[in-house]
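A.B. asks:
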Amino acid sequence: MNDEQDRTALRPATRVATAGRRKEWTQGIVNPPVWRASTILFDDVAHLRASTRRPNDGLYYGRRGTPTQWSLADALTEMEPGAEGTMLYPSGVAAIAGVLLAVLEPGDELLMVDSAYEPSRAFCDNVLKKIGVTTIYYDPAIGAGIADLCTDRTKAIFLESPGSLTFEVQDVPAIVAVAKARGIATIIDNTWATPLLLPAIGMGVDISILACTKYIVGHSDVMMGSATANAAWFDRIRRTAHSLGQCVSADDAYLASRGLRTLSVRLRQHEESALKIARWFEGRPEVARVLHPALPSCPGHDLWRRDFRGASGLFSIVMQGGDDKARSALIDGLALFGIGYSWGGYESLALPVDPSPVRSATKWQAEGPAIRFHIGLEDPDDLIADLEAGLARYAAAL
Ligand SMILES: Cc1ncc(COP(=O)(O)O)c(C=O)c1O
1 MNDEQDRTAL
11 RPATRVATAG
21 RRKEWTQGIV
31 NPPVWRASTI
41 LFDDVAHLRA
51 STRRPNDGLY
61 YGRRGTPTQW
71 SLADALTEME
81 PGAEGTMLYP
91 SGVAAIAGVL
101 LAVLEPGDEL
111 LMVDSAYEPS
121 RAFCDNVLKK
131 IGVTTIYYDP
141 AIGAGIADLC
151 TDRTKAIFLE
161 SPGSLTFEVQ
171 DVPAIVAVAK
181 ARGIATIIDN
191 TWATPLLLPA
201 IGMGVDISIL
211 ACTKYIVGHS
221 DVMMGSATAN
231 AAWFDRIRRT
241 AHSLGQCVSA
251 DDAYLASRGL
261 RTLSVRLRQH
271 EESALKIARW
281 FEGRPEVARV
291 LHPALPSCPG
301 HDLWRRDFRG
311 ASGLFSIVMQ
321 GGDDKARSAL
331 IDGLALFGIG
341 YSWGGYESLA
351 LPVDPSPVRS
361 ATKWQAEGPA
371 IRFHIGLEDP
381 DDLIADLEAG
391 LARYAAAL
């Protein structure tokens, strides 16, 4: 591979397969090797001092990473055209916390989407509150109306699109335009789409966060988060991550890099299978609503069509009547779906969800209980047969 190649012209799938594989890091091996390190040994005091003067660049100390972590960070940066750099964190929540701590100061206000992942809210309500940052939750459908919530103290707007329980799609360009006009930072939790389906930095968002635990790793065996930022914010994100002592192991970075290489083909299959199953659910009388952004009935579908390059494999359904007992009967008997938190791996999962307690700016109204599905890489027809039996158990339990 030629390190001098102009990579900006490459298409996203090519970048995913080739990014971060600098010869100086790989030594010619296809997958950047695992460089485990805490101590780095220097030839003499002069070299040790020189490394201290440039700790962001070159081997210095294990916490600042080795070529294994740099390769992954570099690849994630390349996936977000227009980005300056990426920091890695030991989980997605650590990335969210690290970014919010980098951006916000006592006295600031944060506008936080009401459909955000619950632990993101918990960080605002527990930690940010304690340091004098006020969080104001907003309706995911607010669009340009977010201008009405901005004050002189508003420092950042946090988006998660679509919301990972209820799948409302946000008007990212409208919110970015309001934020830019007022000098407010925009931060997105881009875990559902990944930069392959929503190149957020290129759309003007300042900081794009991924729970790499999900689709980047792709095999349900590593916890990791990342924050990719534009030139205006990257240095601050990096300094705060260093101050917090954030780092990931070379072994985990290796696994995440390995997962990343197949992201584009995995996502394509997740999308195709999930859509087939979502459309099948739409025709079932036991199901009141299917919350999948690629379906015209989903709130924000037009925005999804305009801004996204596809869909991933996570969506929810709302049952037509029934209760928690009937929902448990459906889920408990599934043979091919695991029951568990997380998503983004190759396996299918089912999770009972109740959004009501984690809303404050909007009210969750539903015809019955809700279930979130992650559709994995199994044959969708086998999954449909499993779900069909699940719907029969649901009906029998009513
Ligand atoms: C949308 C979203 N963001 C962030 C996270 C947090 O990632 P992690 O579990 O790696 O901390 C999750 C985890 O489920 C998530 O679903």
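Using full-length UniProt numbering, you'd call the opening residue of the sequence shown number 1 and step up by one each time.
Every residue gets a Cβ at the ideal spot worked out from N, C-alpha and C, and that includes glycine.
Here the structure is a predicted model, which means the values were calculated and not measured.
#1: Taking the alpha-carbon positions, what's the residue 44 to residue 52 distance?
#2: Which residues in the same chain as residue 64 place their Cβ atom closer than 8 Å to its Cβ, once the five residues preceding and following it in sequence are excluded?
#3: So who's on the other strand from residue 315, going by DSSP bridges?
#4: Within the same chain, show all residues whose beta-carbon is closer than 6 Å to that of residue 87, passing over the 5 residues directly before and after it, in chain order.
#5: On the three-state DSSP scale, how would you describe residue 155?
#6: Pull up the distance between the alpha-carbon of residue 178 and that of residue 357, whole angstroms please.
#7: Alpha carbon to alpha carbon, how far is residue 205 from residue 365? Give it in angstroms, no decimals.
#8: Might you give, ordered along the chain, the residues of its own chain that have their beta carbon closer than 6 Å to the beta carbon of residue 370, omitting 5 neighbours on each side?
#9: Among residues of its own chain, excluding the 5 on either side of residue 61, which ones have a beta-carbon nearer than 7 Å to its beta-carbon?
#10: Are the CB atoms of residue 68 and residue 250 nearer to each other than 8 Å?
#11: Going by the beta-carbon positions, is the gap between residue 201 and residue 225 smaller than 8 Å?
#12: The beta strand (DSSP E) that contains residue 229, what's its start and end?
#13: Examine ligand 1 and report whether any of its heavy atoms sits within less than 7 Å of the Cβ of residue 340.
#14: Leaving out five residues before and five after residue 81 in sequence, what residues of the same chain have Cβ atoms less than 8 Å from its Cβ?
#15: Can you tell me the Cα-Cα spacing of residue 285 and residue 392, whole angstroms?
#16: Residue 333 and residue 376 - do their beta-carbons sit closer together than 8 Å?
#17: Who are the near neighbours of residue 153 in its chain, counting only those whose CB is closer than 7 Å to its CB and skipping five residues on each side?
#18: Decide yes or no for the touch test of the segment 90-108 against the segment 287-302: beta carbon pairs closer than 8 Å, at least 3 of them.
#19: Could you check what DSSP says for residue 145 in three-state terms: helix, strand or coil?
#20: Can you tell me which residues form a DSSP beta bridge with residue 279?
#21: Let me check you understand the geometry: is the CB of residue 164 closer than 7 Å to at least one non-hydrogen atom of ligand 1?
#22: Measuring CA to CA, which of 34, 260, 244, 187 is closest to residue 230?
#23: I need the straight-line Cα distance from residue 416 to residue 181, nearest angstrom please.
#24: If you follow the beta strand (DSSP E) that residue 135 is part of, which residue opens it and which one closes it?
#25: Consider the C-beta atom of residue 354 and the heavy atoms of ligand 1; say whether any pair is separated by less than 7 Å.
#26: Extract the residue ranges of the alpha helix (DSSP H) inside the segment 169-210, only unbroken runs of 4 or more that lie entirely within it.
#27: What are the boundary residues of the alpha helix (DSSP H) that residue 240 is part of?
#28: If we count the other Cβ atoms within 10 Å of its Cβ and call it buried at 16 or more, is residue 297 buried or exposed?
#29: Excluding the 5 residues preceding and the 5 following residue 102 in the sequence, name in chain order all residues of the same chain whose CB lies nearer than 7 Å to its CB.
#30: Please classify residue 27: is it buried, with 16 or more other beta-carbons within 10 angstroms of its beta-carbon, or exposed?
#31: At 3 residues or longer, what runs of the beta strand (DSSP E) sit wholly inside the segment 281-308?
#32: Bridge partners for residue 89 per DSSP, in chain order?
#33: Taking only three categories from DSSP, how would you classify residue 216?
C.D. replies: Reading it off the structure:
#1: 13 Å
#2: 55, 56, 242, 247
#3: 373
#4: 227, 237, 238, 241
#5: strand
#6: 29 Å
#7: 30 Å
#8: 316, 318, 353
#9: 40
#10: yes
#11: no
#12: 225-229
#13: no
#14: 8, 199, 201, 202
#15: 11 Å
#16: no
#17: 107, 108, 109
#18: no
#19: helix
#20: DSSP output for residue 279 lists no bridge partner at all.
#21: yes
#22: 187
#23: No answer is possible for residue 416: it lies beyond the span of the chain, which begins at 1 and ends at 398.
#24: 134-138
#25: no
#26: 172-182, 194-197
#27: 234-243
#28: exposed
#29: 236, 237, 240
#30: exposed
#31: 287-291
#32: 225
#33: coil
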